[in-house]
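Numbering (full-length UniProt numbering), first residue to last: 1 to 832.
Glycine included, C-beta positions come from ideal geometry on N, C-alpha and C.
Because the structure is a prediction, the values reported are computed rather than measured.
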């Protein structure tokens, strides 16, 4: 089975079991049931490698503590029924019922109305309402003898049920606390989306995978009934079980009504699916002999996911595809890479046909991928003006947008007789200016269109109707994409990236301005595992650079500093070409300066925050004091200060830390790009006067072949299309010259070309001693800085932790000394 072999996620497998056992979203009395996973709701960070973090999946909720377990065993042992109708049981209440489901989802319609009906038209007492995840856990596992409830699937994918977005008056507790949004554990950082992500990550982690079969045995398996259930302390009231009572043969009407009411109100046991012990899932284990169930961290040598190795992506030296015109779309299939020019789109699912537009006669044409020959010409679209964008979400639909401001949904004929017809199915009205881009999601059945009117509109793909509008863009929308796993929408306008939830709520935004004229042309997202903290948003820019962005939590002051008047005026009145000049030039090679000189200049490394100093690009433009970035589970965690010195020479970042450091510390030979892991853990705790804020953080970039700023790029070009392979082992970049380049994870980091390496043709002499290269004097790359050196100047070898190179590789003399100093500084505190 797929669940045993690990071919599907734990969440998917549990949903399959619930469906097979008769559980359904359509029946609150038999709603899908999911387990409590975590037992730690007090820590600032969740340690998924510690077994104490998790609940005991081998025991039901009533047996999580010894004290309560003893009471349930005593109840079973001492049970006596004078009438002999009710056999002994441990639990008189159930782990899933209509009331339990409605109480969890009470803040969200239509469950609010269902809850009110079950409660007789009013909310329950505030002290009994679901208002805190921590208190709900302790009630179900320890404190309340009548509470053994498990969870529902929404705890692993739906953050909206934790908001009281409808502002229902849920009452006040006896201690005066007014109920509103659900109170989250500290590790959720006050963000329901982060709670869902961490909770889902815990469900999918190796420890849970290694023990989930034990919970399945209790709910769906052989421990559900019989002697095994007694031994596992898992016996419920007999009316909870299917087939225990024949309601059609009950002669007493009152008894029949009471029995049906009991079953409806208190819950039902799922159908028994397994008569034998469920086999454990195959999980990864560490190579050093640690027990299975301990997560293998991303970034290991066997991990080939590109966004886990942003500093070790190996570029193809020649294009993997070449077109005659700028690349407009890249599709990765099982058979290979497909690419088409701008003003052309591939038609799924076979991808062997194309839909093309932008002809002088305003016609559109259906053609084959292998040739430019048009199979069908559609002339019926001319009345809708010039088409600027088109998408094909499925073989039957074509969605176009252009100067008419209307999003047109066309239906293509599938039969041979109707193959040459294109019928207007619906004209979607809502934009007030030219429609510039569009995208669609089959998983969530939505269309998103972007316009020159600086808005996006979400449309229902099934009903072809308006859903909501995304406002707040500061320039015409130029690129869109939808995360098929989470439903998150990424919209790009000018130099800004905006991320929205599928319901149209803003999540985060960032200004990518880098001090020169560059606009975002295209974008895509990684979609491997939605709970992975290292997922990235990828943007392609007109300056030929591909940039990677990652969502992280930063600590910001609860009371922001006053915004300078100049910055406010800039935000409201600046032309599009000047948007974002207040942002830090994080990746501008034009402004590269010597890092040591920066750290020695007191003007560039203030110990106190300044409202006029540059700051990292953030979701908001207000000045903030000190930020502390945490990326739980990521090797890239680093502490940020209000003043950052970023030197991105050849594609990687050096960060100078100013807060809490004396000038003597800053004047060292090299500031560490990655702080000591012990130091990072200390700063993951929220400091007094600060709050957590989700922000988009720049992580890396690709510059080889296309970036205009690299002198060794003979033919730079703007990036016009991006694509990601299905297994996320490669990222593909298309440019305005029609070339498609591929970046993949290097099998031997440091042994093959990397993006930050200077091309061989980019230098004819050693960067160290200036000796000219010849047949006898070969070129050698420093694996750290990427510059070209002679044999003598690059005779040193060192590990490069920042690039995850664990074996000694060739480096230049300057990098060798810096790396050794960095290593010594990291080892120093441990030896104290």
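Less than 8 Å between CB atoms is the rule here; does residue 183 satisfy it with respect to chain B? Annotation note: the requested chain B is absent from the structure, which comprises a single protein chain.
Legend entry - Whole alpha helix (DSSP H) elements within the stretch 755-812, 4-residue minimum: none
Item checked: Endpoints, beta strand (DSSP E) assigned at residue 354 -> 353-356
Beta-carbon proximity list for residue 320, same chain, < 8 Å, skipping 5 on both sides: 337, 732, 740, 741, 742
**Message:** Rounded to whole angstroms, what is the Cα-Cα separation between residue 44 and residue 391?
**Reply:** 44 Å
_Reduced DSSP secondary structure (H/G/I, E/B, other) of residue 179_ = coil
### Query
Expressed to the nearest angstrom, what Euclidean distance is found between the alpha-carbon atoms of residue 698 and residue 796?
31 Å
Can you tell me whether residue 466 is buried or exposed, with buried defined as 16 or more other CB within 10 angstroms of its CB? The residue in question, residue 466, is exposed, as its Cβ has fewer than 16 Cβ neighbours within 10 Å.
What are the boundary residues of the alpha helix (DSSP H) that includes residue 839?
Any property of residue 839 remains undetermined from this structure, which presents the chain solely from 1 to 832.
Worksheet item: Buried or exposed: which applies to residue 182, given that a residue is buried once 16 or more other Cβ atoms fall within 10 Å of its Cβ?
Response: buried
Which residue wins for smallest C-alpha separation from residue 722, given the options 473, 775, 548, 87? Considering only alpha carbons, the answer is 548.
- Message: Checking the sheet assignment: what are the DSSP bridge partners for residue 241?
- Response: Answer by DSSP bridge pairing: none, since residue 241 is not bridged.
Worksheet item: Since residue 19 is in the alpha helix (DSSP H), which residue starts that stretch and which ends it?
Response: 10-20
Thinking C-alpha only, which one of 47, 553, 777 is nearest residue 694? Ranking the options by Cα distance to residue 694, first place goes to 553.
Give the secondary structure of residue 158 by DSSP, where H, G and I count as helix, E and B as strand, and everything else as coil. coil
inquiry  = If distances are taken between C-alpha atoms only, which option among 97, 447, 73 comes closest to residue 262?
reply    = 97
Suppose contacts are defined by Cβ-Cβ distances below 8 Å. Is residue 765 in contact with residue 758 by that definition?
Cβ distance not < 8 Å, so residue 765 and residue 758 don't count as in contact.
Exercise for review: Can you grab the Cα-Cα spacing for the pair residue 342 / residue 433, in whole Å?
Suggested key: 21 Å
Per-residue burial, residue 136 [other beta carbons within 10 Å of its own, 16 or more giving buried]: buried
task = Assign residue 224 to one of two classes, buried (16 or more other C-beta atoms within 10 Å of its C-beta) or exposed (fewer than that).
result = buried
- Query: In chain order, what residues of the same chain lie with their CB nearer than 7 Å to the CB of residue 54, ignoring the 5 residues before and after it?
  - Reply: Closer than 7 Å at Cβ, skipping near neighbours: 37, 38, 39, 207, 208.
Q.
By the three-class DSSP mapping on this structure, what secondary structure does residue 57 have?
A. coil
| task | Starting from residue 114, follow the beta strand (DSSP E) in both directions and report where the run begins and ends. | result | Per DSSP, residue 114 belongs to no beta strand (DSSP E); it is in the alpha helix (DSSP H), 111-118.
Legend entry - Identity of the residue in 798, 815, 814 nearest residue 807 by Cα: 798
**Request:** Determine the extent of the beta strand (DSSP E) in which residue 553 is found, giving its start and end residues.
**Result:** For residue 553, the enclosing beta strand (DSSP E) starts and ends at 546-557.
* residue 304 versus 217, 279, 730, residue with shortest Cα-Cα distance -> It is 730 whose Cα lies nearest to the Cα of residue 304.
**Prompt:** Taking the alpha-carbon positions, what's the residue 449 to residue 705 distance?
**Reply:** 31 Å
Check your understanding: How many angstroms separate the CA atom of residue 478 from the CA atom of residue 329?
Key -> 15 Å
**OP:** Tell me, please, whether the stretch 194-203 touches the stretch 167-174 by the rule of three or more beta-carbon pairs shorter than 8 Å.
**Re:** In this structure the stretch 194-203 does not lie against the stretch 167-174, because fewer than three pairs of beta carbons, one per stretch, are closer than 8 Å.
**Report entry** Proximal residues to residue 275 (C-beta, below 7 Å), its chain only, five neighbours per side dropped
**Finding:** 222
Can you name the residues that DSSP bridges to residue 257?
Looking at the DSSP assignment, residue 257 forms no beta bridge with any residue, so it has no partner.
Quiz item: So is residue 792 buried or exposed if we call it buried at 16+ other beta carbons inside 10 Å?
Solution: exposed
- Message: I want to know whether the stretch 113-132 touches the stretch 142-153 - three or more CB-CB distances under 8 Å.
- Response: no
task: Rounded to whole angstroms, what's the CA-CA distance from residue 407 to residue 323? Just pull it up for me.
output: 29 Å
- prompt: At which residue ranges does the UniProt repeat "WD" (428-469) contain complete alpha helix (DSSP H) runs of 4 or more residues, listed in the order of the chain?
  reply: None, since the UniProt repeat "WD" (428-469) contains no complete alpha helix (DSSP H) of that length.
message = What would DSSP say about residue 753, mapped onto helix, strand or coil?
response = coil
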